[in-house]
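Going by UniProt numbering, the letters in the sequence shown line up with residues 1 to 457, in that order.
By construction, the Cβ of each residue, glycine as well, lies at the ideal position given by its N, Cα and C atoms.
Please read all numbers here as calculations on a predicted model, not as lab measurements.
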Amino acid sequence: MSVGISAIWAVAFGQSATMAKSYYDQQSGWQEQTTPVTTPLRALAATREDSAWAVGDGGVILHWNGKQWQQVVSPVATDLLAIAFDPLNQGWIVGANGSILRYKGNTWETVTSPTASTLRGVWAETAKSAWAVGDDGTIIRWDGIKWAAQTSGTTVNLHAIGGSKADDLWAVGANGTILFHQYNRWKEWTDKPAGTADLHALAWNHSGSIWVAGNNGALWYKTGFGSNPFTAVNAATTNDLRALARQNSRQSWGSTSNGALITKTGNDWQAGDNLNATIHGMFALPYGALRLPTPLPTVSIQNVQNAQTVLEIPLTLRHANWHLSGEDVYQFDFSALTTTGEYRAYVPGLGISDTFKIGKDVLNHAAYTTARGLFYQRSGTALTEPYAEPRFTRPLSHEYEENGRKIDGVFTMLRSLTHRCTTMNPLVVSRMCMVAGTMRGITANTCQPPPRHCGIC
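Printed below as a string of structure tokens:
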């Protein structure tokens, strides 16, 4: 399972005309996308390159399907100001008058809110952990059953919330306010630059580093976990910064109130493109290979139809260092999953896989050999350069057939094995593994079938 092509979105309200604007960059520069609404869009989030969501005034909710934005049914008419998804695609939207919407399955539904204050930021960790912040120091928490008010220790308006985990969570707001959550309590973080600029946005990484942005080009940075202070950095602008987006260590973006962007690909921030619109929100999907956290996380298998986690399994190192890539291979075994349906796998710190199916007969094809082991590749996605070394490129061989089986495939001869299979002792490749959204059966020094299904990262 891997993350490849980059994608970043921005939503805005046009300055020259009353129209909602969306911008999309997939390694080819910013391109304006047509939207079906004219009201301002305030925030957006994405789970995949072909699935992004934008929200705005009047209860507007839009969905990006990889080609265009489409308006979807909204259960409210109040202004919607923030949106976030947890790794298993449960989504939250918050907005004016304490409005809270939840995305579960394929629809947005209202959820009882413990506050009437306007909510301006939301962050989601798991199905049982989400947080939202808003006016008058409001902080609320979702525990998997209900939202409940939390003690913030402040009465200033809070604009954004985020962090690497619930026990290392940050909220920012008016008058330079920064709050930190740890050990089940919020406290104000005072080790920061002097000033009372309103703070509107933050970005973070899984090493605990935090970027905070606000009015008059305020841009503060804190390295790592622990008590390190926030320090001011040169933002390459004195305009108000309204949004931040970060794409691993590859690149970061910031947007100003007049549509000018700032960007960071090395050590310093620089002036970027000007989109000539008031940018309210930005969101970037990860790019390239991601480093797994230590200790290794638990993998969750999710039923796509009802968004429920049906299996949790450990991720294990296979100690297979590929000579060209120099990367380790990790595996998870979901043999216990036998119920037919559509599923996704989520690896914390890595992301969520493509959808795959468990059918009545995944694969039951006999392969014979007298001299060598076989590598059976079952690929529903072609893997080409530059995403693979030339030696490891592969074509699309065939796609999944739910109630049948495919006879063709791509077989690669491996090195000679000391233990040989014969036609009297056939090798039955009836199990599968998943690599980068594709399925594989692997044999090595044995005539026994590999595990029923496994995932390899």
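In the DSSP assignment, His-200 falls within the beta strand (DSSP E) that extends over 199 to 204. Nearest Cα to Gln-270 within the set Ala-203, Leu-101, Gln-331 and Ala-235: Ala-235. Around the CB of Glu-109, fewer than 16 other CB atoms lie within 10 Å, so the residue is classed as exposed. In the three-state reduction of the DSSP assignment, Ala-149 falls in the strand class. Distance check between Leu-80 and each of Pro-36, Gly-134 and Gly-105 places Gly-134 closest, using alpha-carbon atoms only. Along the stretch 186 to 264, the alpha helix (DSSP H) does not occur as any fully enclosed run of 4 or more residues. Here DSSP, grouped into helix, strand and coil, assigns Gly-176 to helix.
Cβ contact annotation for Ala-197 (same chain, cutoff 6 Å, sequence separation greater than five): Gly-176, Gly-214, Asn-215, Asn-216 and Ala-218, in chain order.
Secondary structure at Asn-65: coil, using DSSP grouped into helix, strand and coil. Cβ atoms of Leu-241 and Thr-256 come within 8 Å of each other, at about 6 Å. Boundaries of the beta strand (DSSP E) around Ser-51: 51 to 56. Its chain contains Ala-82, Ala-84, Trp-92, Val-94 and Ala-132 as the residues whose beta carbon lies nearer than 6 Å to that of Val-122, once the 5 sequence neighbours on both sides are disregarded; these appear in chain order.
By DSSP's assignment, Ala-84 forms a beta bridge with Trp-92.
The beta carbon of Glu-312 sits closer than 8 Å to those of Thr-298, Val-299, Ser-300 and Ile-301, all from its chain and outside the five residues before and after it, given in chain order.
Excluding its 5 nearest sequence neighbours in each direction, Asn-239 has C-beta neighbours in its own chain below 7 Å: Gly-217, Thr-256, Ser-257, Asn-258 and Ala-260, listed in chain order. In the three-state DSSP reduction, Asp-168 falls in the strand class (E or B). With a beta-carbon spacing of about 5 Å, Phe-283 and Trp-9 fall inside the 8 Å limit used to define contacts. Gly-137 and Gly-58 have their alpha carbons spaced roughly 24 Å apart.
Between the alpha carbons of Leu-296 and Gln-331 lies a gap of roughly 11 Å. Per DSSP, the unbroken beta strand (DSSP E) holding Asp-273 starts and ends at 269 to 274.
Rounded to whole angstroms, the separation of the alpha carbons of Gly-98 and Asn-306 is 26 Å.
Distance from the CA atom of Leu-285 to the CA atom of Ser-74, rounded to whole angstroms, is 25 Å. Annotation: Leu-337 is outside any beta strand (DSSP E) and is labelled neither H nor E by DSSP.
Exposed is the label assigned to Asn-106, since fewer than 16 other Cβ atoms lie within 10 Å of its Cβ.
DSSP, read as helix, strand or coil, puts Gly-121 in strand. DSSP places Pro-314 in the uninterrupted beta strand (DSSP E) bounded by 309 to 314.
Take Ser-129, set aside five residues on each side of it, and the residues of its chain with a beta-carbon closer than 6 Å to its own are Ala-166, in chain order. In its chain, beyond the 5 residues on either side, Gln-251 have a beta carbon closer than 6 Å to the beta carbon of Thr-265.
Annotation: the continuous beta strand (DSSP E) that includes Thr-278 extends over 277 to 284.
Under the DSSP assignment, Ser-129 falls in the beta strand (DSSP E) whose first and last residues are 129 to 134.
Non-local C-beta neighbours of Leu-41 in its own chain, meaning closer than 6 Å and more than five positions away in sequence, comprise Val-11, Ala-20, Ala-54 and Gly-56, ordered along the chain.
Membership of Trp-108 in the beta strand (DSSP E) is indicated by the continuous run 107 to 110.
Comparing alpha-carbon positions, the option among Lys-146, His-181 and Thr-154 lying closest to Gly-163 turns out to be His-181.
The C-alpha of Gly-144 is placed about 31 Å away from the C-alpha of Gly-359. Inclusion of Ala-160 and Ala-96 in the CB contact set at 8 Å is not warranted, their separation being larger than that value.
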